[in-house]
Structures are given as C-alpha cells and as structure tokens.
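Each residue of the sequence shown is one higher than the one before, starting from 5 at the first, in our numbering.
All C-beta atoms in this analysis are idealised placements derived from N, C-alpha and C, irrespective of residue type, glycine included.
Small disclaimer: the values here were computed from a predicted structure and weren't measured.
To start, the structure itself, in structure tokens.
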Amino acid sequence: MNLREILSKIEKEEIIVIWEEVAVQFDNLQQTPLGFQWRGEHYEVLEPLLVFKSSGGYLHYLLLTSGGVFCLTLVRDRGDLPLSESRWVLRYRVKDDAPPKKSNESVPLLGGSPKAAFSLLQGISKSMLVPLPLLNVVYYHGHLCPELAIGYRAGLVAQQELGLSRENAYNFFVLAENMTSAIDALQFMTGCTIGNQNFFVYDLGKHVYYFGRFSSTFDAQEVLRVALINPVIDLKYKGEVEKKIVAGRASATELKEYQKAIDDAVQEILSLPEEDLFSKSKVSLRLPQVTSRHNYTKCSCCGEVVAVEKSIMGENKFLCQVCAAKTI
C-alpha cells in the first residue's frame, strides 16, 4: 500500500479509531516520533509519511510503523496558551490486510479537508512534492517559497561539507548576504541563530552564504562560501499579479497561475543538481566578533534599557544611539 492509497483510505474513512493516550519516543532534533508503546507492545516508526496540522492547531503525524500505518497526534491541553501541557494520542490505524512496507515516495501534500477529520499544512500547494525535513522548516517559517527552498538547499551543503548540525552549531557561524526567507531556513537547519550570536546578516541582495568554525583567535581563516548561480528564484514576470494579490484584485485564474509559478520554482530548486544551483569555494574570512554577554544601562534621555556596548557616552551619562543622534 503506497502513500496515495493510504490517503485514499483515510478519506474514505477506512480506518480503525483508537483515540488512546500513548507513550512516545520523540527525536527532538528531527522533530519526528521514533516509536510508541500501545497495549503492551512497541511500535517502531519505519518512516514518517506525512506531517499535518488540524484547524485546532494540533500536530498530526501519519506514520508507517512495524505494525501498520497510524495517526499520532500531539494534543495541547490549553491551545490558547503559548506554554501548555501536552500529551500524545493514538487516533487511528489505517485498515490494511497486507504487511507494511517502507515507501520510497516523496511526501505529496494534498489539499482539501478529508472526512477523516484532518487538514493539511497550509502554505503549500496541493500537488507539491516536499522532502519531509523541509516540512519542519515550513512550519517554522509559515509557508513554502523559492527563497525558503534555497536556504534549505544551502543548509544541506553545509551539513554535507562541514558536518554542521543543530547539535554542534555552537562551534560554527553563518554569514548571509541577504534578508530573505532563506535566512529562516538556514537558522532552523543549522541551529546557528541571530539570537545565539552565530548567525550574521549583511544585506547585499545576494544569495551568498559563508559557513565557518569559530576559533580562539581573530585571524582570518578559511571558510566555505556558497553562492546561488541559477536565477530560478526570479519571478519578476509575475510582478503585476503580485500587486493584484496584495490589493485583493487578483482573479482565481491569476491566483492559480501565480501559485503554479511558485510551485514550479520550488520544485526545480529541490530537484536541480547541486552544481547547477550553487558555486562552492573556500575563501579567507576574518571571523565576526561577538559579545559573550551584554551589560545593560538606562538611557539618560529616554529612560529605555540599552546595552552598554551599543550606547554612546556623553557628559558622564549613557545615551542610546537614537537619543545621541537627536542631540547632534
């Protein structure tokens, strides 16, 4: 039974309803269940087939396991609170007389609202084929677009070339030359973030990324430079349609054509060989300087808290840069 057959069975309600709370082994790095205990037996996850979110905001995992295909749901007790206790509920098992087999298919994200009471990830077209690791990036960012796919592919390069991962991110830094959705993808995939002071952005309008290791000195060192060389993300020919969409004047046909253009660009980005998408080189780069911690003070003018390192000293008092500029 392949994935399309599984989804067809769910839509036809060919399922066995369970709705029991279970203990789950969860991989926080990949954000994927590894297995669960149900009625005294352990079910190993062979493949996570699909991740989707219900209208209530619950995350659902459609899983191929050693005992069949199950839907496992993470239920929050208080959906109106940012922090709330949660529990895992085994919702149903898909009816299947054949022994389970691992599927090699990509994950098709189908639209609509099947009768089995689940709704799929928003922000992705009905027919898109998306690698499962990218789904977590989409959830984090909010939608799938060409720039997000570029960041995802660049992150894969860093993982393969340098072994950069969320687990060892504290040893690395990333420098980007743009301010696009790609930044979110790279922060999520690498674990290097602006807040952790190992992700730096200088907006030059280029999809160019530098990946390197921190060292104990500030001397220039060799880092990996990844630059986009394929204009596949360029959708300027759809600029007029974008304006209509923003103004709420786009027709259904125009919306469909625009979505198809985005889908085609994303699919091409995901399928292109690495050498057709990026150029890679080793360059010498002086490491960005970071502050291990900030000391804070209050601006003597506006009274707002400001980092001492970013303030201006004037007449024996600290001023934030905005207030200092006003006094000039």
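- Residue 45 has its alpha-carbon roughly 17 Å from the corresponding atom of residue 20.
- At least 9 Å separates the beta-carbon of residue 284 from that of residue 226.
- DSSP, reduced to helix, strand and coil, places residue 278 within a helical segment of the structure shown.
- With contacts defined as CB atoms closer than 9 Å, residue 204 and residue 180 qualify as a contacting pair.
- Look at residue 169 here: in three-state DSSP terms it is coil, with no helix or strand label.
- Note on geometry: alpha-carbon atoms of residue 17 and residue 96 lie some 10 Å from one another.
- Looking at the DSSP output, residue 21 shares a beta bridge with 96.
- Listed in chain order, the alpha helix (DSSP H) elements of length 4 or more contained wholly in the segment 231-272 are 243-251.
- Rounded to whole angstroms, residue 167 and residue 194 show a C-alpha spacing of 10 Å.
- Boundaries of the beta strand (DSSP E) around residue 31: 27-31.
- Secondary structure note for residue 10: it is in no beta strand (DSSP E), and the uninterrupted alpha helix (DSSP H) holding it is 7-15.
- Assigned with DSSP and collapsed to three states, residue 198 falls in coil, not helix or strand.
- Closest option to residue 237, judged by alpha-carbon separation, among 184, 70, 170 and 321: 184.
- Residue 303 is bridged by DSSP to nothing; it lacks a bridge partner.
- The Cβ atoms of residue 175 and residue 55 lie no closer than 9 Å to each other.
- Closest by C-alpha distance to residue 48, out of 76, 24 and 64, is 76.
- Residue environment for residue 306: exposed (fewer than 16 other C-beta atoms within 10 angstroms of its C-beta).
- In this structure, the CA atom of residue 288 is about 34 Å from the CA atom of residue 271.
- Excluding its 5 nearest sequence neighbours in each direction, residue 165 has C-beta neighbours in its own chain below 8 Å: 215, 228 and 284, listed in chain order.
- For residue 327, the enclosing alpha helix (DSSP H) has its first and last residue at 325-330.
- Collapsing the DSSP output to three states places residue 292 in coil.
- Where residue 56 is concerned, the enclosing beta strand (DSSP E) starts and stops at 45-57.
- For the pair residue 206 and residue 190, the CB atoms are not nearer than the 9 Å cut-off.
- Around the beta carbon of residue 188, 16 or more other beta carbons sit within 10 angstroms, so the residue counts as buried.
- Residue 161 and residue 35 have their C-alpha atoms roughly 21 Å apart.
- Checking the DSSP bridge columns, you'll see residue 158 has no partner listed.
- For residue 64, the enclosing beta strand (DSSP E) has its first and last residue at 63-69.
- Beta-bridge annotation (DSSP): residue 37 is paired with 30.
- Within 10 angstroms of the beta-carbon of residue 282 lie 16 or more other beta-carbons, which makes it buried.
- Excluding five sequence positions before and after residue 302, the CB atoms of its chain that fall closer than 8 Å to its own CB belong to 308, 309, 310 and 322, given in chain order.
- Residue 314 sits in a helix when the DSSP states are folded into three classes.
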